[in-house]
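Chemist:
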Amino acid sequence: MINELFFMNGYGAYVLSAFGFTLLSFVSLYFVTKTQFVREQKKFIAKFGSLETEKAELAKSQRINKEILADATNS
Amino acid sequence: MFKFFEPNKIFKITSKAPRYVLVLFVLVLSIGLTEALVLSPEDYKQSDAVRIMYVHVPAAWISLGIFSSITFLSISGFIFKNKNFFLIAKSLAPSGFVFNIIALVTGSIWGKPTWGTWWAWDARITSMLILALFYAMYLISWRLYENEEKIFKISTIITILGIINIPIIKYSVDWWNTLHQPASINILSKSSIHSSMLFPLLIMTAAFALFSLLIFLMKYNTELIKVKNKGLDRL
């Protein structure tokens, strides 16, 4: 059964390499995108941390900034 | 109506959605892979080589769909002067490009056992390669230019030129003698593909669509944080 699944009447190498390439592309794209996201998130937190109290309060008044900080803390 | 889609309002949803989409994607992909590799029947002519269809066809469909969406969003962004449309279009491009490459590579792998060659300058393959070049140009344009207005203009021109290629890809099999067979699945008329093969194909298409949604959401959130980073600099 397992042999049949991998051999696929002689087409196993073609079929599995096509599926393998697809899954590898998915994993690579996912991790590249995730890394870019985390990098931007870290940059935002660092910038936010370096703001003076008054400016930080002003920035916090925007809902999206609060959401970004909350999301970064949760993840 | 566009106010509903303002980044400030939708970030709460787009930041939480990826984890749920990821779970759903893994679930649908697992069902799709079981159907495609184990349960679906082999073809009477192509034998098990036909299974490559379950990754090749959805990848091609989604890359075409994403490019059409990017064009629509870019033109809408220009008409309605809405920057968010450009951000959505930009966030869709990476997965569209990767799906285009997957379609080309898996098509090449499929070509060897069925046509006896890895590559042929056939109308469908060549037009898909041209689409990949348009995707590459679109993505590079965002990296090359700093000025927003210029990027919006150049990326929209690229998509308008690229969209001309979409009907060529679709109808290339009818207009020219190509190695590709005519479409087996038609929305308006009866499909010539058997349901035992159509079902896994649709499941894999759903899985691929979920993956592109996942990448889009992650990329869009990254773009929004980038915009907010610039905003903090201006404070």
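First to last, the sequence lines map onto chains G and A.
Add 5 to a position in the first sequence, counting from 1, and you land on the number used in the numbering used here.
Add 1440 to a position in the second sequence, counting from 1, and you land on the number used in the numbering used here.
We put the CB at the ideal spot given by N, CA and C, even for glycine.
Span of the alpha helix (DSSP H) holding Gln-41(G)?
Modeler: As a working mapping, residue 41(G) is identified with position 36 in the first sequence. Taken as a continuous stretch (DSSP letters only), the alpha helix (DSSP H) holding Gln-41(G) covers 17–54.
Chemist: Which residues does DSSP list as the beta-bridge partners of Ser-1487(A)?
Modeler: As a working note, residue 1487(A) is residue 47 in the second sequence. For Ser-1487(A), which the question treats as bridged, DSSP gives the partners Asp-1483(A).
Chemist: For Arg-44(G), count neighbouring Cβ atoms within 10 angstroms of its own Cβ and tell me buried if that reaches 16, exposed if not.
Modeler: If you number the first sequence from 1, residue 44(G) lands on position 39. Exposed, by the Cβ-count rule.
Chemist: Examine chain G for any beta-carbon lying closer than 8 Å to the beta-carbon of Leu-1672(A), and answer yes or no.
Modeler: The residue you call residue 1672(A) lines up with position 232 of the second sequence. At least one chain G Cβ lies under 8 Å of Leu-1672(A).
Chemist: Comparing C-alpha positions only, which one of Asn-1661(A), Ile-1570(A), Asn-1587(A) and Phe-1451(A) sits nearest to Thr-1599(A)?
Modeler: Working through the second sequence from its first residue, we reach residue 1599(A) at position 159. Nearest option by C-alpha distance: Ile-1570(A).
Chemist: Which of helix, strand or coil does DSSP assign to Glu-72(G)?
Modeler: Here residue 72(G) is taken as the residue at index 67 of the first sequence, counted from 1. Of the three classes helix, strand and coil, the one that applies to Glu-72(G) here is helix, per DSSP.
Chemist: So is Asn-14(G) in contact with chain A if we call contact Cβ pairs under 8 Å?
Modeler: Numbered from 1 along the first sequence, position 9 holds the residue referred to as residue 14(G). Yes, its Cβ sits closer than 8 Å to a Cβ of chain A.
Chemist: Considering only the alpha carbon of each residue, which of Lys-1659(A), Val-1545(A), Glu-1589(A) and Thr-1554(A) lies closest to Met-1568(A)?
Modeler: Here residue 1568(A) is taken as the residue at index 128 of the second sequence, counted from 1. Measuring from the Cα of Met-1568(A), the nearest candidate turns out to be Val-1545(A).
Chemist: Measuring CA to CA, which of Lys-1590(A), Arg-1564(A) and Thr-1474(A) is closest to Val-1497(A)?
Modeler: Counting from 1 along the second sequence, the entry for residue 1497(A) is found at position 57. Per the Cα distances, Arg-1564(A).
Chemist: Whose C-alpha, out of Thr-58(G), Glu-59(G), Lys-39(G) and Gln-46(G), is nearest the C-alpha of Lys-1670(A)?
Modeler: Locating residue 1670(A) in the second sequence gives position 230, where the first residue counts as 1. Ranking Thr-58(G), Glu-59(G), Lys-39(G) and Gln-46(G) by Cα distance to Lys-1670(A) puts Gln-46(G) first.
Chemist: In whole angstroms, give me the CA-to-CA distance for Ile-1594(A) and Glu-72(G).
Modeler: Position 154 of the second sequence holds residue 1594(A). Position 67 of the first sequence holds residue 72(G). Distance between the alpha carbons of Ile-1594(A) and Glu-72(G) is about 32 Å.
Chemist: Run through DSSP, which three-state label would Ser-1535(A) get?
Modeler: Your numbering for residue 1535(A) matches position 95 in the second sequence. In this structure, Ser-1535(A) counts as helix in the three-state DSSP scheme.
Chemist: For Tyr-1578(A), verify whether its CB is less than 7 Å away from any heavy atom of the ligand GTP.
Modeler: The ligand GTP is not among the ligands present in this structure, which contains no ligands whatsoever.
Chemist: Whole angstroms are fine: how far does the CA of Thr-1645(A) sit from the CA of Ser-1612(A)?
Modeler: In the second sequence, residue 1612(A) corresponds to position 172, counting from 1. In the second sequence, residue 1645(A) corresponds to position 205, counting from 1. For Ser-1612(A) and Thr-1645(A), the distance between alpha carbons rounds to 22 Å.
Chemist: At a Cβ cut of 8 Å, what residues of the stretch 42–64 of chain G count as close to chain A, listed as they run along the chain?
Modeler: Going along the stretch 42–64 of chain G in chain order, one finds Phe-42, Glu-45, Gln-46, Lys-48, Phe-49, Lys-52, Phe-53, Leu-56, Lys-60, Leu-63 and Ala-64 with a Cβ nearer than 8 Å to chain A.
Chemist: Give me the subset of the stretch 1648–1670 of chain A whose CB atoms are less than 8 Å from a CB atom of chain G, sorted by chain position.
Modeler: So the close ones are Phe-1651, Leu-1654, Ile-1655, Met-1658, Lys-1659, Asn-1661, Thr-1662, Leu-1664, Ile-1665, Lys-1666, Lys-1668 and Asn-1669.
Chemist: In three-state terms, what does DSSP make of Asn-1524(A)?
Modeler: Numbered from its first residue, the second sequence carries residue 1524(A) at position 84. Helix.
Chemist: Specify, as a first and last residue, the run of the alpha helix (DSSP H) that Met-1568(A) falls within.
Modeler: Here residue 1568(A) corresponds to residue number 128 of the second sequence, with the count starting at 1. Here the alpha helix (DSSP H) through Met-1568(A) covers 1563–1584.
Chemist: Could you tell me whether the stretch 1649–1658 of chain A touches the stretch 29–40 of chain G, using the rule of 3 or more Cβ pairs below 8 Å?
Modeler: Contact holds: three or more Cβ-Cβ distances are below 8 Å.
Chemist: Report the neighbours of Trp-1550(A) on chain G: residues whose CB is nearer than 8 Å to its CB, in chain order.
Modeler: Stepping through the second sequence from its first residue, residue 1550(A) is reached at position 110. Correct list: Tyr-19 and Ala-23.
Chemist: At the 8 Å Cβ level, is Leu-74(G) part of the contact set with chain A, yes or no?
Modeler: By 1-based counting over the first sequence, the position of residue 74(G) is 69. Chain A, which has no Cβ nearer than 8 Å to the Cβ of Leu-74(G), makes this no.
Chemist: Taking any Cβ of chain G, which residues in the stretch 1512–1542 of chain A have a Cβ under 8 Å from it, in chain order?
Modeler: Within the stretch 1512–1542 of chain A, the residues whose Cβ lies closer than 8 Å to some Cβ of chain G are Pro-1534, Ser-1535, Val-1538, Ile-1541 and Ile-1542, listed in chain order.
Chemist: Applying a beta-carbon distance threshold of less than 9 Å, which residues of chain G neighbour Phe-1451(A)?
Modeler: In the second sequence, the residue the question calls residue 1451(A) occupies position 11. The answer, in chain order, is Arg-68, Ile-69, Glu-72, Ile-73 and Asp-76.
Chemist: Can you give me the Cβ contacts of Asp-1483(A) inside the same chain, cut-off strictly under 7 Å, excluding the 5 residues immediately before and after it?
Modeler: Sequence index remark: in the second sequence, residue 1483(A) carries index 43 (1-based). Within the same chain, Asp-1483(A) has close Cβ partners Val-1490.
Chemist: Take Met-13(G) as the anchor and find which of Leu-1462(A), Ala-1533(A), Leu-1464(A) and Pro-1481(A) has the nearest alpha-carbon.
Modeler: Within the first sequence, numbered from 1, the residue matching residue 13(G) stands at position 8. Of Leu-1462(A), Ala-1533(A), Leu-1464(A) and Pro-1481(A), the residue nearest in Cα terms is Pro-1481(A).
Chemist: Taking the CB atoms as reference points, tell me whether Ile-1519(A) and Tyr-1660(A) lie closer together than 8 Å.
Modeler: Counting from 1 along the second sequence, the entry for residue 1519(A) is found at position 79. Counting from 1 along the second sequence, the entry for residue 1660(A) is found at position 220. No; because the gap between Cβ atoms is not below 8 Å, this pair is not in contact.
Chemist: Using a cut-off of 7 Å between C-beta atoms, extract the partners of Asp-1488(A) located in chain G.
Modeler: Within the second sequence, numbered from 1, the residue matching residue 1488(A) stands at position 48. Here the neighbours are Met-13, Asn-14, Tyr-16 and Val-20.
Chemist: Using a Cβ cut-off of 8 Å (strictly closer), state whether Ile-1492(A) contacts chain G.
Modeler: Working through the second sequence from its first residue, we reach residue 1492(A) at position 52. Yes - at least one Cβ of chain G is within 8 Å of the one on Ile-1492(A).
Chemist: Would you list, in chain order, the members of the stretch 1448–1474 of chain A that have their beta-carbon closer than 7 Å to a beta-carbon of chain G?
Modeler: For the stretch 1448–1474 of chain A, which is checked against every Cβ of chain G, the residues closer than 7 Å are Asn-1448, Phe-1451, Lys-1452 and Ser-1455.
Chemist: Which residue from Ile-1502(A), Glu-1588(A), Ser-1531(A) and Phe-1512(A) puts its Cα closest to that of Asn-1540(A)?
Modeler: Taking the first residue of the second sequence as position 1, residue 1540(A) is located at position 100. Answer by Cα proximity: Ile-1502(A).
Chemist: Hey, which unbroken runs of the alpha helix (DSSP H) at 4 residues or more fall wholly within the stretch 1585–1655 of chain A?
Modeler: Within the stretch 1585–1655 of chain A, the complete alpha helix (DSSP H) runs of at least 4 residues are 1588–1603 and 1605–1615.
Chemist: Can you give me the start and stop residues for the alpha helix (DSSP H) that Ser-1470(A) sits inside?
Modeler: Here the question's residue 1470(A) lines up with position 30 in the second sequence. Ser-1470(A) -> alpha helix (DSSP H) spans 1447–1474.
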